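Residues 1 to 211 in the UniProt record's numbering are what the sequence shown lists, from first letter to last.
We put the beta carbon where it would ideally sit given N, CA and C, even for glycine.
Computed from a prediction, not measured in an experiment: that's the story for all the values here.
The next block holds one structure in the form of structure tokens; read it before the comments.
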Amino acid sequence: MQRWYGPDVIVAEVIRRSGENVQMKMADVPITEKLEKFVEDVKNGIYPLTALGAKQPPPARSRAISPEMAESVKSVTPEPTDVETRKIITMMCDVKSKEESCDLLLTIVLRMDDKMNRHLTSCISPGDNPKVLAQELVHYGFINEGDRDKIASLIEESLQNCSDHSSPTHDFQTITTISALTTEQPPIANSLPPLTTVNTAPTQVPMHSTS
Numbered sequence: 001m002q003r004w005y006g007p008d009v010i011v012a013e014v015i016r017r018s019g020e021n022v023q024m025k026m027a028d029v030p031i032t033e034k035l036e037k038f039v040e041d042v043k044n045g046i047y048p049l050t051a052l053g054a055k056q057p058p059p060a061r062s063r064a065i066s067p068e069m070a071e072s073v074k075s076v077t078p079e080p081t082d083v084e085t086r087k088i089i090t091m092m093c094d095v096k097s098k099e100e101s102c103d104l105l106l107t108i109v110l111r112m113d114d115k116m117n118r119h120l121t122s123c124i125s126p127g128d129n130p131k132v133l134a135q136e137l138v139h140y141g142f143i144n145e146g147d148r149d150k151i152a153s154l155i156e157e158s159l160q161n162c163s164d165h166s167s168p169t170h171d172f173q174t175i176t177t178i179s180a181l182t183t184e185q186p187p188i189a190n191s192l193p194p195l196t197t198v199n200t201a202p203t204q205v206p207m208h209s210t211s
């Protein structure tokens, strides 16, 4: 330090209350003090006055994901699906027509191999494919993939039974009404012999199905 500055360079100055100024020049600093080492010690934080760490730069803030990027990331990442590992011991399926609606009410009751029961209810349409319905049950983790074909066959059988029971309802009522009319007419047929063959012939009575 003394090599770079001359001996007349003022290092420090003290102003007293009396008005007297006391100056310390480079010539007043003893050489044995090694000012360079003192300055290095101050930089290294040995003295408590400057024992403060350097300022850290602020942490980098992550940029918010835009809606377009969020949708792309969501579409690329597949959603986790539950996998049913339990097997089905017994299963029951029932399909009924809903009131005031053309939809059907599908009810499936399953008993798993761990003695736990599972009850599923959903609205379906008559045109739904049983295999597609069974695949949806596998996809959402309701049944095991190994039981998919059995459930599909059970749903198909229940849909067939529902359609068979609902289709001939009006025809059956129409037939019973006609038979009731023919049984109540024997007294008139006995009083009029020529008309007996006309009343007993089924081809003379027109039938219309409302189904």
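Query: Per DSSP, residue 94 forms a beta bridge with which residues?; Result: 107
Query: Measure the beta-carbon distance from residue 110 to residue 88 and round it to whole angstroms, keeping in mind my assumption that it falls under 8 Å.; Result: 5 Å
Query: So, for residue 143: in the same chain, excluding its five sequence neighbours on each side, which residues have a beta-carbon less than 8 Å away from its beta-carbon?; Result: 84, 88, 110, 134, 137, 151
Query: Going by alpha carbons, who is nearest to residue 103 out of 22, 162, 24?; Result: 162
Query: Which residue wins for smallest C-alpha separation from residue 94, given the options 44, 157, 9?; Result: 157
Query: So the beta strand (DSSP E) residue 22 belongs to, where does it begin and stop?; Result: 21 to 25
Query: Quick one: what does DSSP say residue 216 is sitting in, helix, strand or coil?; Result: Outside the shown range of the chain, which is 1 to 211, sits residue 216, and nothing can be said about it.
Query: For the beta strand (DSSP E) that residue 144 lies in, which residues bound it at each end?; Result: Element bounds for residue 144: n/a, residue is neither H nor E.
Query: Under 8 Å by Cβ, that's how I've got residue 154 and residue 112 pegged, so tell me the actual separation to the nearest angstrom.; Result: Their Cβ separation, rounded to whole angstroms, is 16 Å, which puts residue 154 and residue 112 out of contact at 8 Å.
Query: Applying the criterion that 16 or more other CB atoms from any shown protein chain within 10 Å of the CB defines a buried residue, is residue 147 buried or exposed?; Result: buried
Query: Excluding the five sequence neighbours on either side, which residues of its own chain have a C-beta within less than 8 Å of the C-beta of residue 125, listed in chain order?; Result: 102, 103, 104
Query: Between the alpha carbons of residue 122 and residue 59, how many angstroms are there, rounded?; Result: 53 Å
Query: Which of the three DSSP states is assigned to residue 152 in this structure?; Result: helix
Query: Let me know the secondary structure DSSP gives residue 212 once reduced to three states.; Result: Missing from the structure shown is residue 212; the chain here goes from 1 to 211 and no further.
Query: Leaving out five residues on either side along the sequence, give the residues of the same chain with a beta carbon under 6 Å from the beta carbon of residue 24.; Result: 11, 12
Query: Roughly how many angstroms lie between the CA atoms of residue 118 and residue 108, to the nearest whole one?; Result: 8 Å
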